[in-house]
Every structure is written in C-alpha cells, then in structure tokens.
Amino acid sequence: MEKTSRTAKLYLVLVFVILYAPIFYLIFYSFNSGGSMNDFESFTLEHYAAVFSDTRLMMILINTVIVALLSALLSTIIGVFGSLGIVYMRNKSLRNSILSLNNVLIVSPDVVIGASFLILFTMIGVKLGFASVLISHIAFSIPIVVLMVLPKLQEMNSSLIDAAADLGATKRDILTRVIIPFIKPGIFAGFFLALTYSLDDFAVTFFVTGNGFSTLSVEIYSMARAGITLTINALSGIIFIVTLVLVVGYYFISQRGKNPIGMGVRK
Amino acid sequence: MKDILRASIAILIVCIVLFIVNDYLDKSSGKAGSDTVTIFNWGEYIDPDLIAQFEEESGYRVVYETFDSNEAMMTKIEQGGTSYDIAIPSEYAIEKMKEKDLLLSIDHTKIPNLKNIDPYFLDLSFDPKNKYSIPYFWGTVGIVFNPTLLDGQTFESWETLWDPSLRGQVLLVDGAREVIGMGLNSLGYSLNSTNEKELHEAVEKLKKLSPNIKAIIGDEVTQLMINEEAAVALTWSGQAADMMWENEELDYAVPKEGSNLWFDNMVIPKTAANIEGAHAFINFILDAEVSAQNADYVGYSIPNAAAMELMDEEVTSDERFYPSVEQRDNLEVYNNLGLEMLGKYNELFLEFKMSSN
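Here the protein sequences line up with chains A and B, keeping their order. All residue numbers for the first sequence refer to our numbering, where the first residue is 13 and numbers rise by one. All residue numbers for the second sequence refer to our numbering, where the first residue is 1354 and numbers rise by one.
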C-alpha cells in the first residue's frame, strides 16, 4: 500500500473530528453539575446516578439490549439460511427477483414498515409489546444480514465444495465445515449490523411498542421534547461505551478469523 | 462453526440473565396488585415520584408510556393493540377523538377532587360539562425574548414583531394554527376565523414579517433560545418556562391583542381495560398536594385552585404564566375548524412558508 500523504491524513483526522465531536460534547456535559449544557460548572456523577436509580429507565435500557441481541441473533440465523437459498437457487430470474425484493426492504422507509407492522399486528390480534417489537426488529434486520452474507458466499470458490464432496463429506459436513467457516466474517458483520440497527431504530419501534414495553429510542425521543436533560446525556454516554466495547470485541473476533492457515478448515 | 455456536449460546445466556434482572427490577419497584393502569402521556409530563406514590396508595400497578404528538397518540389508540386507560391529549385532539368516538364518558361521582379545579377551566367549548375530559395542565401561546439581544422591545403587542430592527431574529414554531393565529390576532381578528377575507389579510400581513424570520422550526426552538442564537421566538408558555429555567435572561409575554389559550386534559379512551383505575388516577392527580408537586416538577400552569394555594406565591402570582382572569378574557381556545377549514389554514401556512424563503 502506498503511504498516505500528509494532506490525506489531515483530511482523515478532520473527518473523524467532525464525526466524533458531537458525541464527546454530549458525554462531556453529562458530567456537568450545572444542570444544563450551557456552561460547565463542576464534575459530578449525579446524572449517571439518576439513570441507575430510575427503575423504569433501567428496565427500558435492559429491554432494548435484550431485543437487540435476540433480534440480531435470530435474524442472522434466518438471513444466513436465506442467502444460502438465494445463492444455490437454480432459477436465475427467480433468484434475481428475490434479491430485488430483499433490496426493496432495505431502501423502503422505516415509517412505512412500522405503520404496516402496526396494522398487521392489530389485525391478526397480536398484543403490542415484547413480541411485536422483536418480530419487527427481526424482520427489518434480515435483509441487512443477507446483504452482508451474500458477497462472501459468492466469492467462495465452488471447487472447495466439490473437493469436500470428493473427499466424502456429507451435505451436513459441507455446510458446517466448509461453507459456514468460510462466510464467518460475513455472518459476524451481519450480526453486528443487525444489532446496531435494532438499537438505533425509532420509526418502526414507535409503532409497535405498547403495554408498557418500550425501547430507548422511543423513550428518549419523547423525553427530548421537553428539552434535552443531562440524564439523556448520561444515558447516551453509557450506550456509547457499551457500543464501543461491542465493536472492540468484534475487532478481536475478526482478527482471530484472519489467521491465514485457518482458511475455512478450522474445527 | 464451534465459535459461532458458542457465541450464540453466550448471547442467549446474556438475554436470560437480563430477563431475570428485569423481572427482579419489576418486582422490587414496589408494584403491588395485579391490576394495572396504563397511562399514555407526553414525555416528561409528570413527576415520576407521583406514579410510585399512586401505586402505593391505590394498589394498582402503573404501566407508563409516552408519546410526542397528539396525532401519534391518536393513531395508536385508534389502532388498538394496547389498552390505554388514561391519555392526555390537547383540546383540539379531544374534539377529534370525540368525533371519532374514541372516548368513554367520565363518571364525575368517582372524582370528588374535581371540586379543587378552578371553575374557569371546566365546561369549556371543546368538551361541554367535561363529559369526556378533566383538566391536567394549561398554558398560552406567546413570545419568548431575550432582552440582552434587543433594544428595549417588550412585545406587549404583536406589532413589535414586525419591527425592522428584528431583521433575521425571529423564530416561529412550525404550526399552521399558531402562526396563522398570530397573523389574525395581530389584526384584531379571532384566531378561529373562518372568514376568507380575514385569512388572506392575515397571510399578507405575515408575508411582511418575512425579513425578520430566522427560521420556522419545531422543538429546536428551546435550544436555540437558550444558547442565545436568536432573540425572539413564538412559542408555548410551558416551553418558554423551560427556556427561562435554563437561561435566566429570557422573558415571556402574551401580547395584549390576544392569543391562544390551550389545555391538556385527561381522557379515558374507549379501549380502556381498567376504568375503575383510570378514575382513581384522575382523582389522585386532582388532589391538591399531588397537583402542586406535579406543577413544581413539570413547570406548566395547573388549573387546580386548591393546589395553587400550596404553591410558591412567586410562581402562582407570575402573570406571565398564570394570567389573571381579565387577561385571559383576551385569549381564545382553538375551535375545531373541521377538516376543510383546517386544510385552508395549512394551505395558507404553506403559502406563507414558501414566500418567506
């Protein structure tokens, strides 16, 4: 790789400053005892204490994490099998139309998806709450997982499968020992993207929450109407740290996967 | 393959642990009986301690949810899926909900604390005899301004907004009724006017305001005013109170030509599952001490005469937020103009917005 020039580096630094400045600004003021974001008075942890002492907020935070983890896990499983189905589909035009349908779901506005889910759930009599939120999060995460896994499957050399079959591997062995290890980076990428999508989503979630079940995005949105309180800053700080931990975790997992000898043959 | 399985199992275990923690939190938060009351309220519109107090006193378990606009709230109630026992819409939304037959009538015999409410706030045009709604908070539309950025204007009249010295300094809320209403009021007309001639005059007048307008926006007004990015904003009294709390320089005025008087009232939607509990909650909120504590926390004006006696004299005598009866005579409540007229208002507002760019 060529060495990046000085201007290129400077440009990169600038981009990152712009991206991260608002977040750090927000977190900085979460330690402000002054009660507002105008001037910093002195350091305090009271806003963090306020988050942890508010049981309702804590429960919403936990709900959000549960929904994110479960929906990402389930949508990854469904999405992986979906992309396998798409790749090994014989009929080319059917495959292309399914792929297009998948892409339509990615570009269609969240508000439309949310409203459709609300109408669907109330029509078939599903009570709004944990289940409805989970189902809709799984639904909008699947296309993203498919999009992450497909390229990996497509770049896989089909002679790998032929070789495995020649050596006497059953279909099951081929799937679990050849294909899945090969597309693992795609699976993890899909999982983490689904996770962030679920944490982040407001529009769909707003429509399908109910019966006391709510997620952070919905809660913060209505809290922010009355002006941003520093509790929101503290909460955002906590979420930022949690996400950071997740990303670092992902980094280490993907580093381990890069082992050049382990190319798809590790048990 | 193995590490994928291991990761999945780890995630499941984390989820189970979180479920258990959540369950524990749910139980430890002192929620007694199995009967629940589901409340659907604006964000940050009640003191959370009061919810706990209500649970303790009544034995009901409270499920509390928030919304951010009357329209969103109405959609969720209309669609069903959740049985809200209490919702707190604004007056025009109450009229709409009545039309759509979404509300249950309220049994006044179960709400003895209704006597605490100042009669001024009862039996209003949007809900005669308070058949469907009980007052919660109220306020006005007016002008919040920053004297340090101005040269002495006090906004006793809407006319001041047109002052050439305010070039590029005025923020407006993005609401057709608020802005057109302001135009009508400034000409001395009713803000419920349905007279085409008056409406067109109002829009022409508003167009002359264009050079002074900095932006037409939503809730961002609060932050802009606090940060002294703008000198003047048309806004609601409660939002103004929030701003003044954050930035002590700010002041609020309701121009003498008149303005809008608004109410947020408690209603019981048709989908309510616990009607008994809903009445108990309404009665609880109307209690003098509870209401005073809530007003302290939220910062809007309460209609509760008994509670006002318990509150800080300085707050209740502040005529910017508790205008006297004479001042209120100048104020008008929004009438439901009907779909067609509302369309006309929106159209005119759009016309004004396009001309102001």
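Glycine is no exception: its CB is placed at the ideal position from the N, C-alpha and C atoms. Remember, predicted model here, so these are calculated numbers, not experimental data.
Express the C-alpha separation of residue j and residue i in angstroms, rounding to a whole number.
i	j	result
A:Ser311	B:Glu1444	Examination of residue 311 of chain A is not possible in this model, given that chain A is present from 13 through 279 alone.
B:Leu1603	B:Asn1499	5 Å
B:Glu1397	B:Val1651	7 Å
A:Val77	A:Phe264	21 Å
B:Pro1401	B:Tyr1687	30 Å
B:Gln1576	A:Ile110	46 Å
B:Val1370	B:Leu1378	12 Å
A:Leu130	B:Asn1548	40 Å
A:Gln166	A:Ala181	21 Å
B:Ser1708	B:Val1574	21 Å
B:Ile1399	B:Ala1645	11 Å
B:Gly1433	A:Ile136	12 Å
A:Met70	A:Asp185	44 Å
A:Ala62	A:Thr243	7 Å
B:Ser1436	B:Asp1476	27 Å
B:Glu1700	B:Gly1536	15 Å
B:Ala1658	A:Ser234	29 Å
A:Ala236	A:Ile30	23 Å
B:Ala1648	A:Asn114	51 Å
A:Gln267	B:Lys1355	17 Å
A:Pro155	A:Arg189	25 Å
B:Asn1466	B:Asp1421	28 Å
B:Glu1424	A:Tyr32	35 Å
B:Val1367	B:Val1678	59 Å
A:Thr241	A:Phe55	16 Å
B:Tyr1417	B:Ala1405	11 Å
A:Val99	A:Val25	40 Å
B:Met1426	B:Phe1393	8 Å
A:Gly274	B:Thr1419	Because A:Gly274 sits at a pLDDT of 43, beneath the cut-off of 50, its placement in the model cannot be relied upon, and the following sentence gives the value as read from the coordinates. Cα-Cα distance, rounded: 51 Å.
A:Asn75	B:Thr1507	49 Å
A:Ala151	A:Ala127	14 Å
Am I right that residue i and residue j are in contact with their C-beta atoms under 8 Å? What's the rounded C-beta distance?
i	j	result
B:Ser1612	B:Thr1493	6 Å
B:Ile1566	B:Val1523	5 Å
B:Val1620	B:Pro1481	Incorrect: roughly 14 Å between the Cβ atoms, too far for contact.
B:Gly1630	B:Asp1460	With 8 Å as the limit, B:Gly1630 and B:Asp1460 do not qualify as a contact, their Cβ atoms being about 13 Å apart.
B:Val1585	B:Pro1676	About 20 Å; that fails the 8 Å criterion.
B:Pro1656	B:Trp1395	In fact, because the Cβ distance is near 16 Å, the residues do not count as touching under 8 Å.
B:Asp1376	B:Asn1627	About 22 Å; that fails the 8 Å criterion.
If distances are taken between C-alpha atoms only, which option among the options comes closest to residue i?
i	options	result
B:Glu1610	B:Ala1594, B:Leu1544, B:Tyr1653	B:Leu1544
B:Thr1624	B:Lys1380, B:Phe1674, B:Asp1454	B:Asp1454
B:Lys1558	B:Gly1630, B:Trp1515, B:Thr1462	B:Trp1515
B:Ile1470	B:Asn1565, B:Asn1618, B:Glu1448	B:Asn1618
A:Thr88	B:Phe1479, B:Leu1467, B:Ile1357, B:Trp1598	B:Ile1357
B:Ala1319	A:Leu86, A:Lys164, A:His59, A:Val145	Nothing about residue 1319 of chain B can be reported from this structure: the residues present for chain B run from 1354 to 1710 only.
B:Glu1582	B:Asn1600, B:Leu1562, B:Glu1685, B:Pro1472	B:Asn1600
A:Phe214	A:Lys164, A:Glu53, A:Ile253, A:Pro121	A:Pro121
B:Gly1495	B:Asn1483, B:Ile1362, B:Phe1674, B:Glu1693	B:Phe1674
Quick one: residues in its chain with C-beta nearer than 7 Å to the C-beta of residue i, no 5 flanking neighbours on either side, listed in chain order?
i	result
A:Leu140	Phe133, Val220, Thr221, Gly222, Asn223
A:Ile72	Ser226, Thr227, Leu228, Glu231
B:Gly1541	Glu1610
A:Asp178	none
B:Ile1570	Leu1524, Asp1527
A:Ser210	Val79, Ala80, Ser83, Ala84, His149, Ser153
A:Thr67	none
B:Ser1510	Pro1608, Lys1609, Glu1610
B:Ile1430	Tyr1437, Ala1440, Leu1455, Pro1622, Thr1624
B:Ala1529	Tyr1698, Asn1699, Phe1702
B:Glu1448	Phe1479, Asn1689
Cutting at 8 Å between CB atoms, please list the residues of its own chain near residue i, excluding the five before and the five after it.
i	result
B:Ile1464	Ile1487, His1632, Ile1635, Asn1636, Leu1639
A:Phe204	Ala84, Leu258, Val259, Tyr262
B:Lys1642	Reading off the sequence shown, one finds Glu at residue 1642 of chain B, where the question assumed Lys. Only Ala1660, Leu1663 meet the Cβ criterion.
A:Met168	Ile191, Phe194, Ile195
A:Thr255	Thr208, Leu211
For residue i, which residues of its own chain have a beta-carbon under 6 Å away from its beta-carbon, when the five flanking residues on both sides are left out?
i	result
A:Leu280	Outside the shown range of chain A, which is 13 to 279, sits residue 280 of chain A, and nothing can be said about it.
B:Pro1564	Arg1520
A:Ile251	none
A:Ala201	Met160
B:Met1450	Leu1456
B:Met1694	Thr1547
Under the criterion of a Cβ to heavy atom distance below 7 Å, does residue i qualify as lining the ligand ADP?
i	result
B:Asn1688	Absence of the ligand ADP is noted for the structure shown, with no ligands found whatsoever.
So which residues of chain C does residue i contact, with C-beta pairs closer than 8 Å?
i	result
B:Tyr1417	Absence of chain C from the displayed structure is noted, the protein chains being A and B.
- Task: Write down every uninterrupted run of the beta strand (DSSP E) in the stretch 1523–1587 of chain B whose length is 3 residues or greater and which is fully enclosed by it, in chain order.
- Result: 1523–1526, 1566–1570
Exercise. Which runs of the alpha helix (DSSP H), 4 residues or longer, sit entirely within the stretch 194–244 of chain A?
Worked result: Counting only runs of 4 or more, we get 215–220, 228–236.
Entirely within the stretch 1609–1647 of chain B and at least 3 residues each: give me those beta strand (DSSP E) ranges in chain order. DSSP runs (the beta strand (DSSP E)) wholly in the stretch 1609–1647 of chain B: 1614–1622.
- Report the residue ranges of all alpha helix (DSSP H) runs contained in full by the stretch 58–143 of chain A; include only those spanning at least 4 residues, in chain order. The stretch 58–143 of chain A contains these whole alpha helix (DSSP H) runs: 58–65, 67–99, 104–119, 122–136.
Please list the segments of the beta strand (DSSP E) lying wholly inside the stretch 1359–1443 of chain B, counting only runs of 3 or more residues, in order along the chain.
1389–1395, 1414–1420
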